[in-house]
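Peer 1:
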Amino acid sequence: MASHFSIQAQAGPARLGRLHTAHGGVETPAFIPCGTAGTVKAVPQDILEDLGAQIILGNTYHLYLRPGPELIRSLGGLHKFMSWGRTILTDSGGFQVFSLSGLRKVTEEGVQFRSHLDGTTHLFTPERSTEIQIVLGADVVMAFDECTEHPAERSRVRDSMEMTLRWARRSKDAFDRHKHEVVWGNHGAQVQSLFGIVQGGMYADLRRESAERTVEMNFAGYAIGGLSVGEPREQRVEMISAALEILPRDRPRYVMGVGYPDEIVQYASMGVDMMDCVLPTRAARHGMLFTSEGRMNIKNQRYAQDQSPLDPKCGCRVCSRYSRAYLRHLFVSAEPLAGVLNTMHNLWFYLDTMRSVRHAIGLGDLSGTLSGKASLA
RNA sequence: GCACAGGUGACCGAGUGGUUAAUGGUAGCAGACUGUAAAUCUGCCGCUCUUAGGAGCUACGGAGGUUCGAAUCCUCCCCUGUGCA
Numbered sequence: 001m002a003s004h005f006s007i008q009a010q011a012g013p014a015r016l017g018r019l020h021t022a023h024g025g026v027e028t029p030a031f032i033p034c035g036t037a038g039t040v041k042a043v044p045q046d047i048l049e050d051l052g053a054q055i056i057l058g059n060t061y062h063l064y065l066r067p068g069p070e071l072i073r074s075l076g077g078l079h080k081f082m083s084w085g086r087t088i089l090t091d092s093g094g095f096q097v098f099s100l101s102g103l104r105k106v107t108e109e110g111v112q113f114r115s116h117l118d119g120t121t122h123l124f125t126p127e128r129s130t131e132i133q134i135v136l137g138a139d140v141v142m143a144f145d146e147c148t149e150h151p152a153e154r155s156r157v158r159d160s161m162e163m164t165l166r167w168a169r170r171s172k173d174a175f176d177r178h179k180h181e182v183v184w185g186n187h188g189a190q191v192q193s194l195f196g197i198v199q200g201g202m203y204a205d206l207r208r209e210s211a212e213r214t215v216e217m218n219f220a221g222y223a224i225g226g227l228s229v230g231e232p233r234e235q236r237v238e239m240i241s242a243a244l245e246i247l248p249r250d251r252p253r254y255v256m257g258v259g260y261p262d263e264i265v266q267y268a269s270m271g272v273d274m275m276d277c278v279l280p281t282r283a284a285r286h287g288m289l290f291t292s293e294g295r296m297n298i299k300n301q302r303y304a305q306d307q308s309p310l311d312p313k314c315g316c317r318v319c320s321r322y323s324r325a326y327l328r329h330l331f332v333s334a335e336p337l338a339g340v341l342n343t344m345h346n347l348w349f350y351l352d353t354m355r356s357v358r359h360a361i362g363l364g365d366l367s368g369t370l371s372g373k374a375s376l377a
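Going by the numbering used here, the first residue of the first sequence is number 1, and it counts up by one from there.
(1) Mapping DSSP to helix, strand and coil, what is K388?
(2) Going by DSSP, what residues sit across from D91 in a beta bridge?
(3) Are there three or more Cβ pairs, one per stretch, closer than 8 Å when the stretch 233 to 253 is compared with the stretch 121 to 129?
(4) Exposed or buried, what is P44 when buried is set at 16 or more other beta-carbons lying within 10 Å of its beta-carbon?
(5) Whole angstroms are fine: how far does the CA of S308 sit from the CA of S93?
(6) Compare the C-alpha of L278 against each of H20, L19, V40, T28 and name the closest.
(7) Using 8 Å as the threshold, is the C-beta distance between T369 and A360 below it?
(8) Counting Cβ pairs closer than 8 Å, one from the stretch 244 to 252 and one from the stretch 213 to 231, do we hit at least three?
(9) Apply the 10 Å Cβ neighbour rule to A304 and answer buried if 16 or more other Cβ atoms are within range, or exposed otherwise.
(10) Since I believe I240 is in contact with I224 (beta carbons under 8 Å), could you give me their beta-carbon distance rounded to a whole number of angstroms?
(11) For A152 and S320, what's the separation of their Cα atoms in angstroms?
(12) Verify the contact flag: L165, CB atom, against every heavy atom of the ligand GDP, threshold strictly below 7 Å.
(13) May I have the straight-line CA-CA distance separating G196 from T214, to the nearest angstrom?
(14) Are there 16 or more other CB atoms within 10 angstroms of the CB of R170, so buried, or fewer, so exposed?
(15) Give me the Cα-Cα distance between H378 and D91, rounded to the nearest whole angstrom.
(16) Determine the closest residue to N300 out of R328, D176, T291, with distance taken between C-alpha atoms.
(17) Could you have a look at H359 and say whether DSSP puts it in helix, strand or coil?
(18) Quick check: what's the CA-CA separation for N186 versus R324?
(19) Per DSSP, L289 is paired with what?
(20) Tell me T121's beta-bridge partners as DSSP assigns them.
(21) Using CA atoms only, rank isn't needed, just tell me which of L51, L206, D306, M163 is closest to E108.
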C-alpha cells in the first residue's frame with residue numbers, strides 16, 4: 001500500500017487533513033522543517049519531536065554526496081540512520097539545479113553537478129534521483145524537476161516546464177519500476193509514494209498547463225515548485241492559485257520553499273496542505289526570530305538588558321525559560337547554544353502557527369488566524 | 001647606562017614623501033536571509049555641518065625642522081620590548 005491522504009474538515013478552500021505514511025500520520029496543513037543533510041540544523045531529533053514536527057525534509061543531492069545512499073541503506077535507511085521515526089520527505093535535487101547554477105550543466109538526460117564539496121562531477125537523472133530517494137527510504141519521494149530561474153522569458157519557462165514534465169514521466173516510471181525492490185525493516189512492504197511537481201515560472205497559463213499535464217500522470221500528491229525565487233509575493237499567490245485550480249482536491253498539495261509565517265497561513269487558507277522552508281531554521285542561526293509581534297533581530301543592542309522572553313505570548317521552552325538578554329549574549333558570543341535555542345523557538349513558532357491554522361479549520365473559521373499569528377515581514 | 005627593535009585610529013596590524021581620514025583583521029552598530037554551497041552575506045564604523053553632491057576640522061608618541069606637500073625624511077625629547085652591562 002502507498003501512503004494516502006484524507007480530508008477531515010474544510011473551511012472555504014482550506015482543508016484539515018491527514019497524510020498517512022509508513023512512519024505515522026502528518027496532520028495538514030503541515031509545515032515541514034528542512035533537514036537537508038540528515039539533520040534539521042541545530043536541533044536534536046527528540047527536541048524536534050517535542051516541538052511537534054511530524055514530517056521533515058531531507059535532500060537527495062546532499063545525502064548522495066555525503067554520506068552516500070549505499071552507506072545509508074547499509075545502516076538501515078535514513079530513518080534509522082538519523083533516528084527519526086516519523087515521516088520523511090526528500091527533495092529530489094531539483095532545487096540544486098537552481099541554487100547550484102554555477103556548478104551544473106542541464107541536458108535532456110539530466111543534470112551534471114560539480115560537487116560543492118570536492119569538485120567531483122556527478123550526473124543526476126530523474127531515474128537516479130528517484131532510485132536514491134527509494135534507497136534512502138523516504139516516505140515521500142519528489143520527482144526530479146528543474147526549478148526555473150527568475151526572471152525568465154516565456155519561451156525559456158515553457159522549455160523548462162516541458163522538460164520537467166518529461167522528467168516527471170521518467171521519475172514516475174523509475175518509481176514504479178523500483179518501488180518493490182526495497183523492503184524496509186518491520187514494515188514488510190514498500191510504502192513510499194511519489195509526488196509530481198508543477199512548474200511554469202510566473203505565467204499563470206503555463207502553471208495551469210503544467211498542473212494539468214502533471215495530474216495526468218497520476219501522482220500520489222502534487223507540489224508547486226519554482227516559487228520564492230525572487231518574484232513579488234502577489235505574483236507568487238497568483239501562481240499558487242492558478243495551480244490549485246487544477247490540482248485534484250483529494251490529493252495533498254504542497255508548495256515548496258515557502259515562506260514567512262503570514263505567507264504559510266495565507267497559503268493554507270487557500271487550500272495548500274504542506275509547505276517547507278529553510279527560513280525559520282536559517283534565520284534563527286542568523287539571529288532573526290519570529291514572534292507574535294513580528295520579526296526581531298536578537299543581536300540588537302536594545303535587548304542587551306532585556307529580561308523579558310523573546311515573545312511573551314509564546315509557549316515554547318525557550319520563551320518560558322530564557323531572557324532576550326541571555327539569548328542576545330549567546331548570539332553575540334557566537335555560542336552554539338544560540339543557534340539551538342533560536343531554532344527551537346522559530347520552529348515552535350512555525351509549527352504552533354500551523355496547529356492554530358488546523359484548529360481554526362476544524363472550527364470552520366480561519367478568519368482570526370491570519371492576523372492573530374501572523375509575523376509580518 | 002650602552003646596543004638593537006619599536007611607538008599608526010577602541011584593539012591587532014599594513015603603509016615608508018603626494019592618488020592617505022589612512023589596506024586588512026577584530027570588536028562595535030544596523031540590515032538581509034523563502035524545496036540550505038548559509039553558525040552566512042551586505043552596509044556603516046575620527047568629529048561637525050549638508051537635501052544630495054559635498055564642506056570644514058582633527059589625526060599616525062611629543063616638540064621642532066626640511067619640503068609646494070610628511071604617518072613616511074632630519075633633530076631633540078618621552079615611552080615600550082629584547083640583549084649587554
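Note that CB positions come from ideal geometry on N, CA and C, so glycine has one too.
Keep in mind the model is a prediction, meaning the values are calculated, not measured.
Peer 2: According to the structure shown:
(1) Residue numbering for the chain in the displayed model covers 1 to 377; residue 388 lies beyond these limits and cannot be assessed.
(2) N59
(3) no
(4) exposed
(5) The amino acid occupying residue 93 in the given sequence is Gly; Ser does not appear at that position. Roughly 42 Å separates the two Cα atoms.
(6) Here residue 278 is Val; the residue named in the question, Leu, does not match the sequence. It is V40.
(7) yes
(8) yes
(9) exposed
(10) 6 Å
(11) 47 Å
(12) Absence of the ligand GDP from the depicted structure is noted, as is the absence of any ligand whatsoever, leaving it without description.
(13) 6 Å
(14) buried
(15) Past the boundaries of the shown model lies residue 378; the chain is included only from 1 to 377, so the question cannot be answered.
(16) R328
(17) helix
(18) Only weak support is given to the placement of N186: the predicted model assigns it a pLDDT of 44, under 50, and the value that follows is read from those uncertain coordinates. Going by the C-alpha atoms only, they are around 46 Å apart.
(19) M296
(20) R114
(21) M163
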